[in-house]
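What follows is a short report on a single structure.
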Ligand code: NDP
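Numbering (full-length UniProt numbering), first residue to last: 1 to 608.
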């Protein structure tokens with residue numbers, strides 16, 4: 001157990017590894033809770049309206065009863081790339097389904113003011129060369145990303161046969177006909193030779209299970225369903241509806257830090273209820289330089305994307321094409337630092353020396369961020385509360401140039417809950433430390449459901465061969481081969497993050513999976529086959545590889561302050577990200593898929 005705060009003593013003037021470790025442990029332990037992911041409220045029953053679509057008019061249509069070759073469930077980035085690759089491979093009969101009113105996935109739903117991608121747009125927006133498009137700024141805003149994704153869907157004719165505003169209610173394998181039967185909430189029942197499931201891993205809003213959440217009578221909404229009817233304005237700001245309102249926001253993660261500057265600018269009074277501060281690095285966004293754009297040669301996007309993933313995975317240190325906060329962090333704080341130090345010492349480093357070196361470098365980077373807060377925020381107590389006390393990778397990195405400045409506004413108050421979170425709600429207030437903060441409106445920037453069963457997040461059951469239900473098969477955790485297929489569920493593919501290598505740039509992960517998926521589908525079609533399925537043995541061997549690769553990240557996150565990345569500190573959660581993401585380097589995973597394809601044996605996959 002860590003020392004109590006009083007015994008820890010003030011921060012020493014010089015770096016003191018023991019003090020730092022004790023401080024990090026202390027801050028983590030304040031936040032650890034036995035209810036882990038169960039602390040959140042599911043957006044069902046009384047809370048289901050938090051997931052309603054505020055962005056489209058209701059649509060009436062007749063139920064569909066027909067057959068398609070490939071049905072894609074989910075109209076986000078993963079589907080758009082994979083469907084594009086299938087179109088390029090000559091597949092014409094495609095249907096995309098989504099609850100949302102349009103294509104875009106995350107970028108359809110997340111329209112809060114200031115929504116912006118924190119990965120460079122030139123590698124995050126997919127299919128740029130195919131669409132002959134270059135984003136207008138280095139870190140694109142939500143509207144541009146959403147428009148681009150919808151243009152891509154148009155370019156690849158994905159609207160043609162799409163069923164939008166349509167929620168799948170069940171998928172059932174018909175073994176005799178070798179088709180999937182797809183049912184929806186609109187009475188559709190159609191068949192498909194192949195289905196893909198791409199629900200997104202951060203898509204279902206979650207709410208904090210704070211006592212009294214149902215009693216609060218003020219206006220509330222989740223950031224992924226922003227209520228512009230109430231706030232006025234749009235994604236660029238102009239929230240004129242808030243000028244006479246006392247507003248609260250719970251959540252200071254990547255979403256909170258992007259929308260809080262706008263709430264601070266427009267609300268009469270803003271209270272920011274903070275449980276754990278994010279790290280806030282500089283953003284330095286800028287318009288796309290036309291001279292740079294003119295230098296780009298065919299194939300540039302793939303090269304840049306691959307280079308980013310190699311640099312952030314620590315396997316490339318000589319060429320950094322992106323050269324931003326993500327890549328610099330890896331070059332300074334990961335394997336390249338060890339290589340440099342080894343060269344300096346002129347000998348191999350011991351494992352302890354490596355651990356100590358990486359810990360100290362991490363501390364120095366965090367100290368620079370903490371100093372940035374002191375230099376920016378005028379009130380010393382607020383500045384102190386905004387400082388993050390954990391290793392830099394414990395939470396998703398934050399980048400923003402206005403967030404910290406917002407706390408210098410006279411109408412903005414940071415309510416630091418010191419790791420404990422909001423205490424309770426009353427009918428008109430949020431209570432922290434016994435103090436009631438009266439509010440007209442409360443914004444939940446509390447993130448998305450993670451660490452619960454796959455089919456719960458999906459919202460429907462998938463019934464495979466012999467009536468086996470996916471919720472039963474995966475009751476103790478996901479089981480896939482390479483993250484794309486699972487035995488007993490022929491002709492069904494999973495896109496997204498299911499047991500896959502993860503680049504910080506999701507688009508790269510999606511690209512690699514789409515490439516592999518298109519290869520498998522092409523092999524299936526070329527053989528004029530009726531089923532394609534992973535074997536049980538292949539699945540078992542991939543599970544073994546998954547377990548081995550998860551040891552290192554598990555050890556790392558055990559020391560971290562809790563977050564959705566660590567299932568809120570429950571590192572053994574079989575449905576958590578540590579179990580559902582491949583814990584090794586994404587570059588190894590992508591290479592392994594490429595080698596598997598190059599071998600041409602389809603080992604572990606049976607096509608009949
Ligand atoms: P997060 O889960 O990262 O953040 C949720 C926030 O709610 C945290 O600050 C959390 O505090 C706080 N919270 C939860 N419960 C309570 C409580 N009871 N009392 C007080 N505070 C509470 O969600 P986000 O939507 O911010 O981000 C999710 C992910 O979405 C990101 O990590 C990123 O992957 C993605 N994203 C990406 C963007 C991009 O630019 N590409 C932009 C925005 C999001 P605590 O930290 O203590 O748990």
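Yeah, the Cβ is synthetic: ideal placement off N, Cα and C, and Gly gets one too.
Inter-residue spacing [alpha-carbon to alpha-carbon] between residue i and residue j
i           : j           : result
residue 565 : residue 484 : 21 Å
residue 82  : residue 606 : 21 Å
residue 532 : residue 479 : 17 Å
residue 66  : residue 449 : 34 Å
residue 176 : residue 99  : 30 Å
residue 154 : residue 35  : 44 Å
residue 307 : residue 319 : 8 Å
residue 530 : residue 179 : 8 Å
residue 20  : residue 557 : 16 Å
residue 1   : residue 158 : At residue 1 the pLDDT is 41, less than 50, meaning the model places this residue with poor confidence and gives no usable figure here.
residue 401 : residue 353 : 35 Å
residue 190 : residue 462 : 15 Å
residue 61  : residue 215 : 38 Å
residue 405 : residue 548 : 44 Å
residue 583 : residue 267 : 42 Å
residue 545 : residue 455 : 23 Å
residue 362 : residue 333 : 6 Å
residue 3   : residue 390 : Residue placement at residue 3 is poorly supported in this model, since its pLDDT is 45, which falls under 50; the coordinates are not used for a value here.
residue 76  : residue 145 : 11 Å
residue 493 : residue 196 : 5 Å
residue 470 : residue 359 : 41 Å
residue 364 : residue 520 : 46 Å
residue 316 : residue 50  : 43 Å
residue 572 : residue 42  : 21 Å
residue 452 : residue 116 : 27 Å
residue 567 : residue 39  : 11 Å
Option in the options with minimal Cα separation from residue i
i           : options            : result
residue 416 : 133, 402, 430, 386 : 386
residue 239 : 30, 262, 404       : 262
residue 458 : 178, 205, 528, 259 : 205
residue 137 : 150, 151, 500, 122 : 122
residue 247 : 542, 235, 528, 412 : 412
residue 476 : 580, 304, 108, 244 : 580
residue 447 : 254, 545, 199, 69  : 254
residue 409 : 419, 382, 360      : 382
residue 86  : 202, 466, 518, 242 : 518
residue 139 : 79, 322, 439       : 322
residue 588 : 116, 482, 495, 428 : 482
Buried/exposed call for residue i, threshold 16 Cβ in 10 Å
i           : result
residue 591 : exposed
residue 610 : Only positions 1 to 608 of the chain appear in the structure, and residue 610 is not among them; the question remains open.
residue 48  : exposed
residue 603 : exposed
residue 414 : buried
residue 598 : exposed
residue 270 : buried
residue 193 : buried
residue 127 : buried
residue 537 : exposed
residue 435 : exposed
residue 150 : buried
residue 242 : buried
residue 80  : buried
residue 618 : Summary: the structure shown does not reach residue 618, with the chain confined to residues 1 through 608, and so no result is reported for it.
residue 355 : exposed
In DSSP terms, what residue i is bridged to
i           : result
residue 461 : 170
residue 492 : 195
residue 220 : 442
residue 474 : Partner(s): none; residue 474 has no beta bridge.
residue 128 : DSSP, once it has assigned bridges, lists no residue as partnering residue 128.
residue 359 : According to DSSP, which records beta bridges pairwise, residue 359 is partnered with nothing at all.
residue 274 : 416
residue 189 : 183
residue 246 : 269
residue 94  : 70
Residue i at chain C interface by Cβ criterion, 8 Å
i           : result
residue 487 : Structure shown: chain C not included; a single protein chain is present.
Meets three-Cβ-pair contact criterion under 8 Å: the segment 218–236 and the segment 510–529:
no
**the segment 49–56 touching the segment 99–111, judged by at least three CB pairs closer than 8 Å** = yes
Under 8 Å, with one C-beta from each stretch per pair, do the segment 279–290 and the segment 388–397 reach the 3-pair mark?
yes
- Query: Are the segment 208–217 and the segment 503–514 touching by the rule of at least three beta carbon pairs closer than 8 Å?
  - Reply: no
Assess, as a yes-or-no matter, whether the segment 486–493 is touched by the segment 281–293 under the definition of 3 or more beta carbon pairs within less than 8 Å. no
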